[in-house]
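Participant: Pasting a structure below so you can have a look.
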Amino acid sequence: MKSPTEIILKQVKVIDPNSAYHNKKVDILVDNGVIKKISNKINPAKDQKLIEIDKSFVCPGLMDMSVDFQEPGNEQKETINSGVKAAAAGGFTAVVLQPTLEPSRDKLSDIVYCKEKKHQYPVDIFPIGAISKNNNGEELAEMYDMHSAGAIAFSDYKKPIHKSGLLSRALLYVKNFNGLIISHPYDDSICTDGQMHEGVTSTSMGLPGIPSLAEELYINRDIALTNYNESKIHFNIISSKESVQKIADSKNDKINLSCGTSIYHLIFNDEDLKGFNSNFKMIPPLRTKEDQFALITGIKEGVIDVITSNHQPHENEIREVEFPLSPFGCIGTQIAFPMALTYLKDELDLETIVKCMSINPRSILQTDIPVIEEGFMANLTVFDTHTNWEFNKENNFSLSENSPLLNTKLTGKVHGTILGNMSNFST
Amino acid sequence: MNDLSVKHLLSINDLNESDIDTIFKTADSFKEIINRPIKKVPTLRDITIANLFFENSTRTKLSFELAEKRLSADILNFSASSSSVKKGETLVDTANNILSMKVDLIVMRHPNPGAANYLAENTNTCVINAGDGTNEHPTQALLDCYSIKERHGSLKDLKVVIIGDIKHSRVALSNIYALKKLGAKVMVCGPTTLIPKFIHKLGVDVEHDLLKALQWCDVANMLRIQLERQDIQYFPSIREYVKQFGLNHEVISSLNKKITILHPGPINRGVEITSEVADSPNSIILDQVENGVAIRMAIIYLLAGKLNRA
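Heads up: the sequence lines are chains W and C, in that order. The letter at position 266 of the first sequence is residue 265 when you use numbering that gives the first Met the number 0, and the numbering goes up by one with no holes. The letter at position 225 of the second sequence is residue 224 when you use numbering that gives the first Met the number 0, and the numbering goes up by one with no holes.
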């Protein structure tokens, strides 16, 4: 939505480690999309929109580094417009679109389609292009062409690249234009019919498991290839304790890599699937409590850089089936940040959450990092940490409802976002 | 008294020890009845039961059907291959269509783990799990335990080994849960590729040497090798399997004790067990079949008693 020309945020506490106002409570005047003034008190003038929320915070606009809006191809699950609306409500001013697989997003025109998609929300769209043509894992796609059109990075997403040679060439090829390969490490050949994390819970439910090894094998391989080619790589979501350790070691060895995890992996574990709850079925799978704690520690220690929603919408019709037939993934872009505020408040401070959901993703993707200081373009998220609200069918903006947290009470609410001349305030 | 703590029979884990005791005691009465000249009771005269079999079954289906008939229930039989259902109607739609015909209770066999839980959650009926993929087969475990108890008096501290394809076996999983609840010591034995990596965490011992397992045990439950489900190769050939895990007379007679032998059927004679052993006095395979009817009568009877019928 187009903003009023001038907006004043009253008495917001700034959470922005790059700003001199970090941890300070201030008034902020946004004029024509730019932060014009920050001070202890700004007297509002006529025609200025006043945003005044009790005990509120402001941080650099959040970026969701992994969403799967399935347009074109599966618009019944999510369109770019509906996805962006949900993301905006969730406090995101930028989303990174994982590539659609049907059709494959493997050429310039596909990137242009995403970049030029019109929508009315204060959200930047950053599409990822395919590494291989038609995601076939055989031939390189035209990555330079896609890069020129605005592809932010490259990935074959849910289709693991089994040919090490292809991945090796991709890592080498993108160096030419400082491109980034994003890996979804999952060697599905060792668990072709896997349904959930392989462990005592999967065994007790008689479900075929997906061992952590499926992830670790490819993390080890991909790091070796990155090191050999002196390139860089980002792991979209890591899920196991061993993966955290391997990434930590490799970062110590000065290999150029980064990684993320999903908000779900930080809050839930495989025991949440007991009773065959398919809303928790995802790839990588929710692993054990021990893994969950290792991921949280990984965030605290800076080994894990990014927290994503891993938003994967599915229409009800294909979900109303028995566990093994139901698809992997759940929605999350609208609640990822409130989930962090609700469930991780004892584990992570606001600064860490903001780093993982705003600053680090942009730094990895080499896009401008918003700073809350005078003269910078306004790109910010306003929220509080105390409002109780329920996420339910009525306020869910995604076209899909596959969320394990539907009808769940959350504590901490996003009140709105500003991105340049666009804003989105519920109050 | 004489009441179960559950509304459905989905998993052995849902039952407590007293539930199992109630089922066994009820089965005692029904076993006596089915050995009378007139084998039928009018108890469930006004109850309609649908047997939904989405996967092939001969023995379990016949056993349930007979149990239902002995209780004078009306029966609706539905068989479908999972693939034809998968292409069209969903499980819940199929079940609700059948329930609209005023069915009181559903007995279901399904290829997908969790299917029985899913049906119980999404339909308004009582569900008896007659096997859901690689998850559970609770009535089989109950009849196995009942048969063992009949022979040995009690399961407390009895050593039971389950032999064969543990990885894909719902019988194994349900048996592990039931046996442990009743105080037995459980071991699983089979090729390394057919034993789940984390099975020991369910509190069972793992052994890959058949002779050692037999020397340890009082009871051996031989699982069927699913010849029809070898899409992924877990062992090189049946011949090699038989050499390592086939139960034959030589192995049995090398033990200096008598062990009780069970098999959930159908038997691959000459694969997991030779005819000589299957038909020997050690074997209680046919008792299992007879007890199966009594156990299923007991379960249906007890659950039907919990139906909320206007």
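Glycine residues also receive a C-beta, built at the ideal position from the N, C-alpha and C atoms.
For the 8 Å Cβ check, are there 3 or more pairs between the stretch 62 to 70 of chain C and the stretch 37 to 44 of chain C?
Facilitator: As far as the Cβ criterion goes, the stretch 62 to 70 of chain C touches the stretch 37 to 44 of chain C, which means the pair count is three or higher.
Participant: Is serine 203/W helix, strand or coil by DSSP?
Facilitator: Here serine 203/W sits in helix by DSSP.
Participant: Quick one: complete beta strand (DSSP E) runs, 3+ long, within the stretch 116 to 156 of chain W?
Facilitator: Counting whole runs of 3 or more residues, the stretch 116 to 156 of chain W contains the beta strand (DSSP E) stretches 123 to 128.
Participant: Note the first and the last residue of the continuous beta strand (DSSP E) segment covering asparagine 220/C.
Facilitator: Note, asparagine 220/C: beta strand (DSSP E), 218 to 221.
Participant: Which residues share a DSSP beta bridge with alanine 93/W?
Facilitator: DSSP, once it has assigned bridges, lists Met62/W and Asp123/W as partnering alanine 93/W.
Participant: Among Gly304/C, Ala303/C and Ile283/C, whose alpha-carbon lies nearest the alpha-carbon of leucine 142/C?
Facilitator: Leucine 142/C has its Cα closest to that of Ile283/C, out of Gly304/C, Ala303/C and Ile283/C.
Participant: Given that glutamate 197/W touches chain C, what residues does it touch there, using C-beta distances under 9 Å?
Facilitator: Those are Pro195, Lys196 and Phe197, listed as they occur along chain C.
Participant: Using a C-beta cutoff of 8 Å, does lysine 260/W count as contacting chain C?
Facilitator: The residue asked about is misnamed: residue 260/W is threonine in this sequence, not lysine. No, its Cβ sits nowhere closer than 8 Å to a Cβ of chain C.
Participant: My guess is that asparagine 269/W and histidine 183/W are in contact by the Cβ rule of under 8 Å, so how many angstroms apart are they, rounded?
Facilitator: The sequence shown places aspartate at residue 269/W, not asparagine. Aspartate 269/W to histidine 183/W, Cβ: 19 Å. No contact.
Participant: When you compare only the Cα positions, how much space is there between glycine 152/C and asparagine 15/C?
Facilitator: So the two alpha carbons sit approximately 20 Å from each other.
Participant: Could you name the residues of chain C that leucine 206/W contacts, counting a contact when the two beta carbons are closer than 8 Å?
Facilitator: The contacting residues are Pro112, Gly113, Thr133 and Asn134.
Participant: Taking C-beta pairs closer than 9 Å, name the residues in chain D that glycine 274/W reaches, listed in chain order.
Facilitator: Here the protein chains are W and C, and chain D is not one of them.
Participant: Look at the alpha carbon of isoleucine 97/C and the alpha carbon of threonine 133/C, and state the distance between them as a whole number of angstroms.
Facilitator: Spanning the two alpha carbons is a distance of roughly 25 Å.
Participant: Taking all protein chains shown into account, do 16 or more other C-beta atoms lie within 10 angstroms of the C-beta of methionine 64/W, making it buried, or fewer, making it exposed?
Facilitator: Burial call: buried.
Participant: If the cut is a Cβ gap below 7 Å, which residues of chain W does leucine 172/C touch?
Facilitator: Simply Gly205.
Participant: Tell me the start and end of each unbroken beta strand (DSSP E) in the stretch 11 to 69 of chain C that is at least 3 residues and wholly inside, in chain order.
Facilitator: If we require 3 residues or more, the beta strand (DSSP E) runs fully inside the stretch 11 to 69 of chain C come out as 47 to 52.
Participant: Do asparagine 290/C and lysine 24/C have their CB atoms nearer than 8 Å?
Facilitator: Their beta carbons are not under 8 Å apart, which means asparagine 290/C does not touch lysine 24/C by this criterion.
Participant: For alanine 247/W, which residues from the same chain have a beta carbon less than 6 Å from its beta carbon, with the 5 sequence-adjacent residues on both sides left out?
Facilitator: If we look at alanine 247/W and ignore the five residues flanking it on each side, its Cβ neighbours are Val302.
Participant: Should phenylalanine 427/W go down as buried or exposed, given a rule of 16 or more other Cβ atoms within 10 Å for buried?
Facilitator: Nothing can be reported for residue 427/W: it is not among the residues displayed for chain W, which extend from 0 to 426.
Participant: If you follow the beta strand (DSSP E) that glutamate 70/W is in, where does it begin and where does it stop?
Facilitator: It is not in any beta strand (DSSP E) - glutamate 70/W carries neither H nor E in the DSSP assignment.
Participant: Alpha helix (DSSP H) containing leucine 90/C: first to last residue?
Facilitator: Looking at the DSSP string, the run of the alpha helix (DSSP H) that includes leucine 90/C is 90 to 98.
Participant: Tell me, please, whether the CB atom of threonine 124/C is closer than 8 Å to any CB atom in chain W?
Facilitator: Chain W contact via Cβ: absent.
Participant: Which whole-angstrom value is the C-beta distance of glutamine 69/W and proline 284/W, which I expect to be below 8 Å?
Facilitator: That belief does not hold up - the Cβ atoms of glutamine 69/W and proline 284/W are roughly 21 Å apart, past 8 Å.
Participant: Look up threonine 78/W in the DSSP assignment and say whether it is helix, strand or coil.
Facilitator: If DSSP states are grouped into helix, strand and coil, threonine 78/W belongs with coil.
Participant: Assess contact between the stretch 247 to 264 of chain C and the stretch 179 to 194 of chain C, defined as three or more Cβ pairs (one per stretch) separated by less than 8 Å. Is contact present?
Facilitator: These segments do not touch.
Participant: Quick one: grab the DSSP three-state call for glutamine 333/W.
Facilitator: Reduced to three states, the DSSP call for glutamine 333/W is coil.
Participant: My understanding is that isoleucine 6/W touches glutamine 47/W, with C-beta atoms under 8 Å, so please give their C-beta distance in whole angstroms.
Facilitator: Yes, isoleucine 6/W and glutamine 47/W are in contact; Cβ-Cβ is about 7 Å, under 8 Å.
Participant: Near glutamate 241/W, what residues of its chain come up, given a Cβ to Cβ distance below 7 Å and the 5 sequence neighbours on each side ignored?
Facilitator: Ser211 and Glu215.
Participant: Which residues in chain C have a C-beta closer than 9 Å to the C-beta of valine 320/W? List them in chain order.
Facilitator: Those within 9 Å of valine 320/W in chain C are Lys85, Thr89, Leu90, Val91, Asn111 and Tyr117.
Participant: Indicate, with yes or no, if the ligand ADP has a heavy atom lying under 7 Å from the CB of lysine 305/C.
Facilitator: With respect to the ligand ADP, the structure shown offers nothing to examine, as it has no ligands at all.
Participant: Check the Cβ of arginine 108/C against every Cβ in chain W and list those closer than 8 Å, keeping chain order.
Facilitator: Those within 8 Å of arginine 108/C in chain W number zero; the least Cβ separation is about 13 Å.
Participant: With 8 Å as the threshold, decide whether the Cβ of leucine 51/C is near any Cβ in chain W.
Facilitator: Closer than 8 Å: no.
Participant: What in chain W is Cβ-close to leucine 201/C, meaning under 9 Å?
Facilitator: Those are Val199, Thr202 and Ser203, listed as they occur along chain W.
Participant: Distance check for proline 265/C and isoleucine 381/C, CA to CA, integer angstroms please.
Facilitator: Residue 381/C lies beyond the residue range present for chain C, which begins at 0 and ends at 309; the question has no answer from this structure.
Participant: Which runs of the alpha helix (DSSP H) at least 4 residues long sit entirely within the stretch 123 to 198 of chain C? Give them in chain order.
Facilitator: Those alpha helix (DSSP H) runs which fall completely within the stretch 123 to 198 of chain C and span 4+ residues are 137 to 151 and 169 to 180.
Participant: Less than 8 Å between CB atoms is the rule here; does arginine 169/C satisfy it with respect to chain W?
Facilitator: By this cut-off, arginine 169/C is an interface position.
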